[in-house]
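Student: Below you will find the structure I want to go over with you.
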Amino acid sequence: MIEKHIVLEDIDPVIFYGINNANMQMIKALFPKLRIVARGNVIKVMGDEEEMCAFEEAILDLEKHCAQYNSLNEEAILDIIKGNKPAVEKTGDAIVYSVTGKPITPRSANQLKLVKEFEKNDLIFAIGPAGSGKTYTAIALAVRALKNKEIKKIILSRPAVEAGEKLGFLPGDMKDKIDPYLQPLYDALQDMIPAAKLKEYMDLNIIQIAPLAFMRGRTLNDAVVILDEAQNTTTQQIKMFLTRMGMNTKMIVTGDMTQIDLPSHQASGLIQALKILKGVKGIGFIELNKKDIVRHKLVTRIVEAYEKFEAEKKADPKQTKTSKEKDIHL
């Protein structure tokens, strides 16, 4: 009789073992000749060497399945141990799977284009209105690359530009002041990576979320780097960011040209970068529009209303108030 310890590295053990350890009980039942004890992320197994080899191979396959789909159930366990392909693997266009096990797929033609451009280019610019899925899709692509071990880390960044409120008046230390600006990035990650695993990744700096100013002086290798809200970068900031790219690194820059919060005297670095880099080999450009919006149906109508307002404003720039504004009485 021999003893071996198997460490579950890429998954949340809670998902792997199942509710009330139901998955682990089934695995034990399928290997009755072995004595199996699971503690934390370590499985201790004792028994015949040949039987143990089959068990270890099954656990590795189950771990791979759990890491990819963020779920494991009794049907999948039975299929994998019998050497069959679980039904969930037949899903076609999934980028990654959510923490609930549901596939995260491109939900529009332009989102699908973003996925394809990511495969072909090392730098992508994804421009579009609020709710068009540019940031969410970009983060899904980064998580997939990390799960597939194509990269060693994910770096997510945003410029901390004040949009009405002054940063210095927010309560707390620097992290407390900055975190609200980065919360949308946390939200997307929490959809795709189990909480315990996400905390581990962040503690180990495998996933890093930081304001753009913190990027200066770094060379970013073996990573997917996402710059969100890039319309709020200055010309110097975006050049600094783009020149951080190291070996085996992909960058995705997202932005919404209609939501620039920079002071009126400052030009958006994103607008300048799009002009300068147009036609450069190895750079992909995707322009999403209101047809790609996947939020509440009112978001599309809001975007259309603002587009109409801006068009009217450009047609008569001297006009300080539109007739509609004059008629508003609250």
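Residue numbers (the numbering used here): 626 to 955. Beta carbons: idealized from backbone N, C-alpha and C, even for Gly. Note that this is a predicted model, so its numbers are computed, not measured.
Select from T879, E912, R660 the residue whose C-alpha is nearest the C-alpha of I627.
Tutor: For the purposes of this step, residue 627 is taken as residue 2 along the sequence shown, with counting starting at 1. Among T879, E912, R660, the Cα nearest to that of I627 belongs to R660.
Student: Rounded to the nearest angstrom, what separates Q736 and I720 at their Cα positions?
Tutor: Sequence index remark: in the sequence shown, residue 736 carries index 111 (1-based). Sequence index remark: in the sequence shown, residue 720 carries index 95 (1-based). Spanning the two alpha carbons is a distance of roughly 11 Å.
Student: Could you tell me whether the region 845–862 touches the region 871–888, where touching means 3 or more Cβ pairs closer than 8 Å?
Tutor: Yes, since at least three Cβ pairs between the region 845–862 and the region 871–888 fall closer than 8 Å, the two stretches touch.
Student: For E929, decide whether its Cβ has a neighbour in chain B, counting only Cβ atoms nearer than 8 Å.
Tutor: The chain labelled as chain B is not found in the depicted structure, where only one protein chain is given.
Student: Mark G665 as exposed unless 16 or more other C-beta atoms lie within 10 angstroms of its C-beta, in which case mark it buried.
Tutor: Along the sequence shown, one-based indexing puts residue 665 at 40. So G665 counts as exposed.
Student: Check whether the Cβ atoms of E676 and K658 lie closer than 8 Å to each other.
Tutor: As a working mapping, residue 676 is identified with position 51 in the sequence shown. As a working mapping, residue 658 is identified with position 33 in the sequence shown. Yes. Within cutoff.
Student: Which residue spans inside the region 802–887 form an unbroken beta strand (DSSP E) run of at least 3?
Tutor: DSSP runs (the beta strand (DSSP E)) wholly in the region 802–887: 832–836, 848–852, 874–880.
Student: Between M882, V724, K778, which has its C-alpha nearest A813's C-alpha?
Tutor: By one-based count along the sequence shown, residue 813 stands at place 188. Among M882, V724, K778, the Cα nearest to that of A813 belongs to V724.
Student: Does the structure place the region 814–831 close enough to the region 886–901 that three or more beta carbon pairs sit under 8 Å?
Tutor: Contact between the region 886–901 and the region 814–831 is absent, because fewer than three Cβ pairs lie under 8 Å.
Student: Determine the burial state of F641: buried for a count of at least 16 other Cβ atoms within 10 Å of its Cβ, exposed for fewer.
Tutor: Position 16 of the sequence shown, counted from the start, is the residue given in the question as residue 641. Per the 10 Å Cβ criterion, buried.
Student: Taking the straight line between their C-alpha atoms, what separation do you get for I877 and V667?
Tutor: Walking along the sequence shown from the start, residue 877 turns up at place 252. Walking along the sequence shown from the start, residue 667 turns up at place 42. Each residue's alpha carbon lies about 37 Å from the other.
Student: Is the number of C-beta pairs between the region 750–757 and the region 908–923 that are closer than 8 Å three or more?
Tutor: Because the criterion of three Cβ pairs below 8 Å is met, the region 750–757 and the region 908–923 touch.
Student: Check each candidate in K778, K741, L766, Q808 and name the one with the smallest Cα separation from A785.
Tutor: Mapped onto the sequence shown, residue 785 falls at position 160. Out of K778, K741, L766, Q808, Q808 has the C-alpha closest to the C-alpha of A785.
Student: Using CA atoms only, rank isn't needed, just tell me which of S733, I631, L687, T730 is closest to P711.
Tutor: Taking the first residue of the sequence shown as 1, we reach residue 711 at position 86. The shortest Cα separation from P711 among S733, I631, L687, T730 belongs to L687.
Student: According to DSSP, is L899 part of a helix, a strand, or is it coil?
Tutor: Residue mapping note: residue 899 aligns to position 274 of the sequence shown, counting from 1. Correct three-state label for L899: helix.
Student: DSSP state of A960, grouped into three classes?
Tutor: Because the chain spans 626 through 955 in this model, residue 960 falls outside it and cannot be assessed.
Student: Just confirm the distance between the C-beta atoms of P836 and S782, as a whole number of angstroms; I'd bet it's less than 8 Å.
Tutor: As a first step, residue 836 is located in the sequence shown; it is residue number 211 there, counting from the start. As a first step, residue 782 is located in the sequence shown; it is residue number 157 there, counting from the start. About 7 Å; that satisfies the 8 Å criterion.
Student: DSSP has S782 in a bridge; who is on the other side?
Tutor: Taking the first residue of the sequence shown as position 1, residue 782 is located at position 157. A835, L852.
Student: How big is the Cα-Cα spacing for A770 and E681?
Tutor: Locating residue 770 in the sequence shown gives position 145, where the first residue counts as 1. Locating residue 681 in the sequence shown gives position 56, where the first residue counts as 1. If I take the Cα positions, the gap works out to 25 Å.
Student: Thinking C-beta only, is L823 closer than 8 Å to Q833?
Tutor: Here the question's residue 833 lines up with position 208 in the sequence shown. Here the question's residue 823 lines up with position 198 in the sequence shown. Cβ distance not < 8 Å, so Q833 and L823 don't count as in contact.
Student: On the three-state DSSP scale, how would you describe F743?
Tutor: On the sequence shown, residue 743 is found 118 positions in, with the first residue counted as 1. Looking at F743 - three-state DSSP - the assignment turns out to be helix.
Student: What does DSSP give as the partner residues of Y722 in its beta bridges?
Tutor: Within the sequence shown, residue 722 is the residue found at index 97, counting from 1. According to DSSP, which records beta bridges pairwise, Y722 is partnered with P728.
Student: Starting from L748, follow the beta strand (DSSP E) in both directions and report where the run begins and ends.
Tutor: If you number the sequence shown from 1, residue 748 lands on position 123. Looking at the DSSP string, the run of the beta strand (DSSP E) that includes L748 is 748–752.
Student: Just to confirm my understanding: we take K772, look at its own chain, exclude 5 residues before and 5 after, and list those with CB closer than 8 Å. What are they?
Tutor: Position 147 of the sequence shown holds residue 772. Closer than 8 Å at the Cβ level, and outside the excluded window around K772, lie D635, A692, Q693, V721.
Student: What residue from K938, K774, V924, G758 has the CA that sits closest to L810's CA?
Tutor: On the sequence shown, residue 810 is found 185 positions in, with the first residue counted as 1. The residue with the shortest Cα to Cα distance from L810 is G758.
Student: Pick from T883, P805, G909: whose alpha carbon is nearest that of I927?
Tutor: Here residue 927 refers to the residue found at position 302 of the sequence shown. The shortest C-alpha separation from I927 is found at T883.
Student: For T730, which residues of its own chain have a beta-carbon under 7 Å away from its beta-carbon, when the five flanking residues on both sides are left out?
Tutor: Here residue 730 refers to the residue found at position 105 of the sequence shown. The residues are D718, A719, I720.
Student: Taking V768 as part of the alpha helix (DSSP H), name the residues at either end of that continuous run.
Tutor: On the sequence shown, residue 768 is found 143 positions in, with the first residue counted as 1. V768 -> alpha helix (DSSP H) spans 759–772.
Student: In three-state terms, what does DSSP make of F656?
Tutor: Residue mapping note: residue 656 aligns to position 31 of the sequence shown, counting from 1. Looking at F656 - three-state DSSP - the assignment turns out to be coil, as it is neither helix nor strand.
Student: Mind checking whether I702 and N645 have CB atoms under 8 Å apart?
Tutor: Residue numbering aside, residue 702 sits at position 77 when the sequence shown is read from its first letter. Residue numbering aside, residue 645 sits at position 20 when the sequence shown is read from its first letter. Result no, Cβ atoms of I702 and N645 do not sit closer than 8 Å.
Student: Can you pull the DSSP bridge partners for R926?
Tutor: Mapped onto the sequence shown, residue 926 falls at position 301. Looking at the DSSP assignment, R926 forms no beta bridge with any residue, so it has no partner.
Student: Go ahead and label V670 buried or exposed: buried means 16 or more other beta carbons lie within 10 angstroms of its beta carbon, across all protein chains shown.
Tutor: For the purposes of this step, residue 670 is taken as the residue at position 45 of the sequence shown. Buried.
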